[in-house]
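So the sequence lines, in the order shown, correspond to chains A and B.
Here the working numbering is used: position 37 in the first sequence is 37, and no number is missing along the way.
Here the working numbering is used: position 20 in the second sequence is 133, and no number is missing along the way.
Worksheet for the structure shown next.
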Amino acid sequence: GQQVMQIPQYQHVQEGEDFTTYCNSSTTLSNIQWYKQRPGGHPVFLIQLVKSGEVKKQKRLTFQFGEAKKNSSLHITATQTTDVGTYFCAGFLPGAGSYQLTFGKGTKLSVIP
Amino acid sequence: DTEVTQTPKHLVMGMTNKKSLKCEQHMGHRAMYWYKQKAKKPPELMFVYSYEKLSINESVPSRFSPECPNSSLLNLHLHALQPEDSALYLCASSLDGGGGGYTFGSGTRLTVV
Chain A
1 GQQVMQIPQY QHVQEGEDFT TYCNSSTTLS NIQWYKQRPG GHPVFLIQLV
51 KSGEVKKQKR LTFQFGEAKK NSSLHITATQ TTDVGTYFCA GFLPGAGSYQ
101 LTFGKGTKLS VIP
Chain B
114 DTEVTQTPKH LVMGMTNKKS LKCEQHMGHR AMYWYKQKAK KPPELMFVYS
164 YEKLSINESV PSRFSPECPN SSLLNLHLHA LQPEDSALYL CASSLDGGGG
214 GYTFGSGTRL TVV
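In structure tokens:
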């Protein structure tokens, strides 16, 4: 069935290195959201992208929405230990209700000090 | 107030018990959600309430019974659960459907013995 695919599943980086996670859908998404879940915590909303080709920045985090609105990425520059956690993308799939936010499987980021 | 408050934080219950999870928000959000999250998995949607009416039930077994007493409160009544129902149960809210980030509570970690 339709779903939101996310890669990689795990990423280990040295502190100071960059990190990128990718999200792909087989169908066009109305928007894409990104969440961060710290170990033992709950998902925290980071950002929503709506427009084709949109790029948004939050300090060291850069979010992109593809031109076809089928893919998205989150890039973290110069990772810090505070970036540890699982990053989920989430979208509303076509045909699903406007309340049915579907999450990707997430990318678990480990940062080695 | 920008939080979603869930109680209890932890719950251990037997398979013959009846218990309830509670969720509260005072942000004026009109959509509220129950998600289930197993370890190392993304949150999975269970129920959606929109304007205090149940709008989505994702084929959840009847041993889970949601209730929305008013626009600020959401309950999940549990009865005759199975050990495989052990998980983190997350409540979330959003301004309305179709976009906008979700605010998640810190969850109830449920263990069924």
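We treat Cβ as the ideally placed atom computed from N, Cα and C, and that holds for glycine.
Computed from a predicted structure; not experimentally measured.
| query | result |
| --- | --- |
| T216/B - DSSP class collapsed to helix/strand/coil | strand |
| N- and C-terminal bounds of the beta strand (DSSP E) containing M5/A | V4 to I7 |
| Proximity test, Cβ basis, 8 angstroms: Y87/A and chain B | no |
| Expected contact under 8 angstroms - CB spacing of Q33/A and G214/B to nearest Å | 6 angstroms |
| Option nearest Q73/A by Cα separation, candidates R38/A, T107/A, E15/A and E17/A | The question names Gln, yet the displayed sequence has Ser at residue 73/A. Ranking the options by Cα distance to S73/A, first place goes to T107/A. |
| Contact list for H42/A against chain B, beta-carbon separation under 7 angstroms | L203, F217, G218, S219 and G220 |
| Per-residue burial, P156/B [other beta carbons within 10 Å of its own, 16 or more giving buried] | buried |
| Entirely enclosed beta strand (DSSP E) segments - the region 150 to 225 of chain B, minimum 3 residues | 157 to 163, 166 to 170, 177 to 183, 186 to 192, 200 to 207 and 221 to 225 |
| Y99/A: contacting residues in chain B (beta-carbon distance under 7 angstroms) | A144, V161, S163, S168, I169 and G210 |
| Residue burial classification, M5/A (beta-carbon count within 10 angstroms, cutoff 16) | exposed |
| Beta-bridge partners of Q136/A, as assigned by DSSP | Outside the shown range of chain A (1 to 113) lies residue 136/A, about which nothing can therefore be said. |
| Which listed residue (G95/A, I112/A and F88/A) has its alpha carbon closest to that of Q9/A | F88/A |
| Cβ-Cβ distance between V161/B and P196/B below 8 angstroms | no |
| Proximal residues of chain B, C-beta to C-beta of K105/A below 8 angstroms | K154 and P155 |
| Any beta strand (DSSP E) of 3 or more consecutive residues that is wholly inside the region 38 to 74 of chain A | 43 to 49, 55 to 58 and 61 to 65 |
| Beta-carbon spacing of Q119/B, G220/B below 8 angstroms | yes |
| Residue environment, Y148/B, which counts as buried when at least 16 other CB atoms sit within 10 Å | buried |
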